[in-house]
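Trainee: These protein sequences, in sequence, are chains Z, P and D.
First residue of the first sequence: 1, per full-length UniProt numbering; consecutive thereafter.
First residue of the second sequence: 1, per full-length UniProt numbering; consecutive thereafter.
First residue of the third sequence: 1, per full-length UniProt numbering; consecutive thereafter.
For glycine and all other residues, C-beta sits at the position ideal for the given N, C-alpha and C.
Bear in mind that the values here come from a model prediction, so they are computed numbers and not experimental data.
Encoded as C-alpha cells, here's the structure I'll be asking about.
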Amino acid sequence: MSPLLLVLDLAGIFVFSLSGGLAGVRNRLDVFGVLVLAALTGLGGGILRDLLIGAVPPASLADWRYLVVPVVAGLVAFRFHPRLSRIERHIARFDALGLGLFCVTGAVKALQFGLNPFAAALLGMLTGVGGGVLRDLMAGRTPLVLREEIYALAALAGASVAVVAWAGGWYAPWVAVLAAAVCIVIRLLALHHHWQMPHAGNLD
Amino acid sequence: MSPLLLVLDLAGIFVFSLSGGLAGVRNRLDVFGVLVLAALTGLGGGILRDLLIGAVPPASLADWRYLVVPVVAGLVAFRFHPRLSRIERHIARFDALGLGLFCVTGAVKALQFGLNPFAAALLGMLTGVGGGVLRDLMAGRTPLVLREEIYALAALAGASVAVVAWAGGWYAPWVAVLAAAVCIVIRLLALHHHWQMPHAGNLD
Amino acid sequence: MSPLLLVLDLAGIFVFSLSGGLAGVRNRLDVFGVLVLAALTGLGGGILRDLLIGAVPPASLADWRYLVVPVVAGLVAFRFHPRLSRIERHIARFDALGLGLFCVTGAVKALQFGLNPFAAALLGMLTGVGGGVLRDLMAGRTPLVLREEIYALAALAGASVAVVAWAGGWYAPWVAVLAAAVCIVIRLLALHHHWQMPHAGNLD
C-alpha cells in the first residue's frame, strides 16, 4: 500500500471511529466501552469484508497501526464529546470522505480475491457501511444506514464505478479517485439537500 | 447443482427475501433498506454457514443469480406490501418449503466439508433460520425464531434426518426429499395447530 | 489439549452457557430458544475468535463434547432458574473463572496462528466476552460488557500478561495460570467493590 493510501485509510478509520466513540458516550458507556465501540465502527466494515472474501486474519488485525488509530479516536470522543457534538455536521462531511475511500478499496480488494463484479460492488458498499451497522446494532437501534438519507447507495455507486472500470480493463489510480469522488459527491449532496430514497406508502 | 435443485434453492431464497422485505417496509425503511434487508434475510443463513465451514467466498456471492433474486423479491415487497400482508398466512406456508430445503442442503454441505454429524445438523438448522435471525436483529427485536412456535426445531429435525442417513451410508436424493418433508410437515402442523414449545414457569 | 485443560474449558463453557440460558428464560423464550441462547453464549466467543484467525470450522463445532455441555447447561437453566437466580452472585464468581481461562487460551491460540501480540490480546479479550455480547444482542439490549463494571478490561489484562510472556519467550503453563489469575482477581475485586470505569461527563 502506498504511503498516501495508508494515510487516507487511517484518516478514514479515524473519522469512522470518532462517530462510534460519540455513539458510545451517548449510550453512557464507560471509557472502555467507548473505545471498543470506536474500534468496531472504524474497523468493522473491513473486517466483515475480509471474513467474507476469506482474507483472514483481517488486515486491520495484522497491523498495529490499524488498532492504535481507533483507540486514539475513542479517547478523543470520550474527552471532547461536547465540542465534537457541536461540530457534528462537519464530522459528517469528513465521514463522507471515509465512505468514498472505503467503498473503493473494499471493492478492489474483493476483485483481487476473485469475486465477480456484482459481489465486489456489494462488498465495497459493505466495507463502507459495515462499521456503522455494527455500531448501531451494539447500541440497540435499527441501523441508521437502512433508515435515513442516501448513504449506502452512495457507497454502492462509488464501488460500482471502480468495479465497472476493473471489468473493462481500464482500472487505474485516477479511476479509483474518480470512483471515490462519485461516492463523496453523492453523499455530500444528499446531506446538503436532505435527499431521501422513497418509502413505501399505505402502511396500515 | 442440478437445475431442479437450483430452481428450488432460488425459490426458497425468494420467499425468505419477501419476508425480509416486508419487515423492512414495516420498519419504515426506504427502498434501499428494504432491498438490503431482503437480501440479508434470503442469503444470510447460507452465508453464516459458509463462514463457519470455511467455504469462502460464500456461494451466494459467487453467483449473480443469487444476488438478483433477493433484489427482485425486495422490490416486490416494497411495491405490493399491502397485498402481500393480506396473504401473509400463505407466505408462511411457502416459507416452510424454503426452510425444509435449506436445512437439508445446509446439513449436507457441512457434511461434505468434513464436519461431524452433530455439528452438521446444527449448521443445517442455522442455514434455515439464520437469515430470519439477522432480519430480526437488524429490525431491533429478539429473533422471532427464539420466541415463537416451532420453527428452528422443525429445521433441526429435517437436518437430523439427512445427517443420520449420511452417517448410515444410505444418503440419496430421495432421502433429501424425505428429510425436507419432515421439516415442512412439522412446520406446517405447528403453524396450523399453533403448537408451542414449553416455556419456563415461575418467573418472578 | 491436556485433560485438565479440557475439563477447565468445558467448565467455563458450562458457566457461560448457564448465564445465557438464564437470559433466555427471562426473555420468555421457549425451551428450544433457551438452549440456543445458552450455546451461543457458551461457545460464541471462541467461534468469533476462530472465524477471525481463520481456524474453521471452529473448534467447538469439531468436537461433540463442546456441543453437549451448553445443551446440558441450558436445560439446567430452564428447569432450575428460580434456584439459580437466588445464587446468581455466586454464579458471577464462577463466571470470572471462565473469563480468566478463555482470555488466556484465546490469546495463545491467536499467537499460535501467527497474529501479532496486540491483535492476540484483543482476540483473547474477545474470546472471553464475545459470547456475552452475542447473548445481549439476541436479547435486544446493549451488551452489558460495554456498560457495566470491569469485565472486558479484566479479560484484556489477563490476555496481555499471556501475550507479553509469549513475546518475551518465557511462556509456560505456570504463566498461563498466572495470566488467568490476573484476570480473575481483577474481575472478582471489581465485583466485590463495584468498581466502575469512568464515564464521560457533561452529557446534554
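Kindly give me the distance between the Cβ atoms of Leu126 of chain Z and Leu48 of chain Z, rounded to whole angstroms, as I take these residues to be in contact under 8 Å.
Mentor: With 8 Å as the limit, Leu126 of chain Z and Leu48 of chain Z qualify as a contact, their Cβ atoms being about 6 Å apart.
Trainee: Return the CA-CA distance between Gln112 of chain P and Val133 of chain D, expressed in angstroms with no decimal places.
Mentor: Approximately 31 Å between the Cα atoms of the pair.
Trainee: List the residues that DSSP assigns as beta-bridge partners of His199 of chain Z.
Mentor: Partner(s): P:Asp30.
Trainee: Quick check: the Cα distance between Pro117 of chain D and Val164 of chain D, rounded to an integer number of angstroms?
Mentor: Between Pro117 of chain D and Val164 of chain D, the C-alpha separation is close to 7 Å.
Trainee: Mind pulling the alpha helix (DSSP H) runs of 4 or more residues that sit fully within the UniProt domain "Glycine transporter" (94-166) of chain P?
Mentor: List check, alpha helix (DSSP H) in window: 117-138 and 144-147.
Trainee: With DSSP collapsed to three states, give me the class of Ile184 of chain Z.
Mentor: If DSSP states are grouped into helix, strand and coil, Ile184 of chain Z belongs with the helices.
Trainee: Give the DSSP-derived three-state secondary structure of Trp64 of chain Z in the structure shown.
Mentor: Of the three classes helix, strand and coil, the one that applies to Trp64 of chain Z here is coil, per DSSP.
Trainee: To the nearest whole angstrom, what separates the beta carbons of Val104 of chain P and Gly158 of chain P, a pair I think is in contact under 8 Å?
Mentor: Contact flag correct, Cβ pair sits at about 6 Å.
Trainee: Which residues, taken in chain order from the stretch 42-67 of chain D, show a beta carbon closer than 7 Å to some beta carbon of chain P?
Mentor: Against chain P - using a Cβ distance shorter than 7 Å - the residues of the stretch 42-67 of chain D are Leu51, Val56, Pro57, Pro58, Leu61, Ala62, Trp64 and Leu67.
Trainee: For Ser2 of chain D, which of helix, strand or coil comes out of DSSP?
Mentor: If DSSP states are grouped into helix, strand and coil, Ser2 of chain D belongs with coil.
Trainee: Listing by chain order, which chain D residues have their CB less than 7 Å from the CB of Ala139 of chain Z?
Mentor: Chain D residues near Ala139 of chain Z: Thr142.
Trainee: Near Pro143 of chain P, which residues of its chain fall below 6 Å by C-beta distance, leaving aside the five closest residues on each side in sequence?
Mentor: Same-chain partners within the cutoff: Val133 and Asp136.
Trainee: Gln112 of chain Z touches chain P at which residues, Cβ-Cβ below 7 Å?
Mentor: Per Cβ cutoff of 7 Å: no residues; Gln112 of chain Z is ~12 Å from chain P at best.
Trainee: Out of Z:Asn27, Z:Leu43, Z:Trp170 and Z:Val185, point me to the one whose CA is closest to Leu10 of chain Z's CA.
Mentor: Selected option, being the one with the closest Cα: Z:Leu43.
Trainee: Is His90 of chain Z close to chain D? Criterion is C-beta to C-beta, closer than 8 Å.
Mentor: It does not; no Cβ of chain D falls within 8 Å.
Trainee: Taking its Cβ as the centre, do 16 or more other Cβ atoms sit within 10 Å of Leu22 of chain D, making it buried, or is it exposed?
Mentor: Answer is buried; the Cβ neighbour count reaches 16.
Trainee: Do you know whose CA, among D:Ser60, D:Ser85, D:Ala167 and D:Tyr151, lies nearest Leu123 of chain P's CA?
Mentor: Nearest of D:Ser60, D:Ser85, D:Ala167 and D:Tyr151 to Leu123 of chain P, Cα basis: D:Ser60.
Trainee: Is the stretch 77-92 of chain D touching the stretch 177-197 of chain P in the sense that three or more CB pairs, one from each, lie closer than 8 Å?
Mentor: At 8 Å Cβ cutoff, the stretches do not touch.
Trainee: Using the rule of at least 16 other Cβ atoms within 10 Å of the residue's Cβ for burial, across every protein chain shown, is Trp166 of chain Z buried or exposed?
Mentor: Trp166 of chain Z comes out buried.
Trainee: Can you list, in chain order, the residues of its chain whose CB lies under 7 Å from that of Val34 of chain Z, leaving out five sequence neighbours each side?
Mentor: Contacts found: Gly21, Gly24, Val25, Gly74, Ala77 and Phe78.
Trainee: Taking a contact to mean a Cβ-Cβ separation below 8 Å, would you say Ala179 of chain Z touches Ala162 of chain Z in this structure?
Mentor: Yes, they are a contact pair.
Trainee: Mind listing the chain P neighbours of Asp136 of chain D? Cutoff is C-beta to C-beta under 7 Å, in chain order.
Mentor: Correct list: empty, because the minimum Cβ distance to chain P is about 11 Å.
Trainee: Less than 8 Å between CB atoms is the rule here; does Ala200 of chain Z satisfy it with respect to chain P?
Mentor: So, interface residue.
Trainee: Can you tell me whether Pro58 of chain P is buried or exposed? The criterion is at least 16 other CB atoms within 10 Å of its CB, across all chains shown.
Mentor: By the 10 Å Cβ count, Pro58 of chain P comes out buried.
Trainee: Report back the beta-carbon spacing between Asp63 of chain D and Val56 of chain D to the nearest angstrom; my notes put them in contact at under 8 Å.
Mentor: Between Val56 of chain D and Asp63 of chain D the Cβ distance is about 14 Å, and since that is not below 8 Å, they are no contact.
Trainee: Do Val15 of chain D and Ala39 of chain D have their CB atoms nearer than 8 Å?
Mentor: No, the pair does not count as a contact, with Cβ atoms beyond the cut-off.
Trainee: Taking 8 Å as the threshold (beta carbon to beta carbon), is Ala181 of chain Z in contact with chain P?
Mentor: Output row for Ala181 of chain Z: interface = no.
Trainee: Note down the Cα distance separating Met138 of chain P from Trp170 of chain P, rounded to an integer number of angstroms.
Mentor: About 40 Å.
Trainee: Looking at the structure shown, is residue 205 of chain P part of a helix, part of a strand, or coil, going by DSSP?
Mentor: Chain P is shown only over 1 to 204; residue 205 of chain P falls outside these bounds and no answer can be derived.
Trainee: Is the Cβ-Cβ distance between Ser85 of chain Z and Ala121 of chain Z less than 8 Å?
Mentor: Result no, Cβ atoms of Ser85 of chain Z and Ala121 of chain Z do not sit closer than 8 Å.
Trainee: Report yes if the C-beta distance between Ala152 of chain Z and Val36 of chain P is below 8 Å; otherwise report no.
Mentor: In contact: Ala152 of chain Z and Val36 of chain P (Cβ atoms closer than 8 Å).
Trainee: Return helix, strand or coil for His194 of chain D, following the three-state DSSP convention.
Mentor: His194 of chain D falls in the coil class under three-state DSSP.
Trainee: Using alpha carbons as the reference points, say which of Z:Leu156, Z:Ile150 and Z:Gly98 lies closest to His192 of chain Z.
Mentor: Among Z:Leu156, Z:Ile150 and Z:Gly98, the Cα nearest to that of His192 of chain Z belongs to Z:Ile150.
Trainee: Determine whether the Cβ of Asp30 of chain Z lies closer than 8 Å to any Cβ atom of chain A.
Mentor: The chain inventory of the structure shown lacks chain A, comprising the protein chains Z, P and D.
Trainee: Residues of chain P with CB under 9 Å from Leu37 of chain D, in chain order?
Mentor: Result: Leu146.
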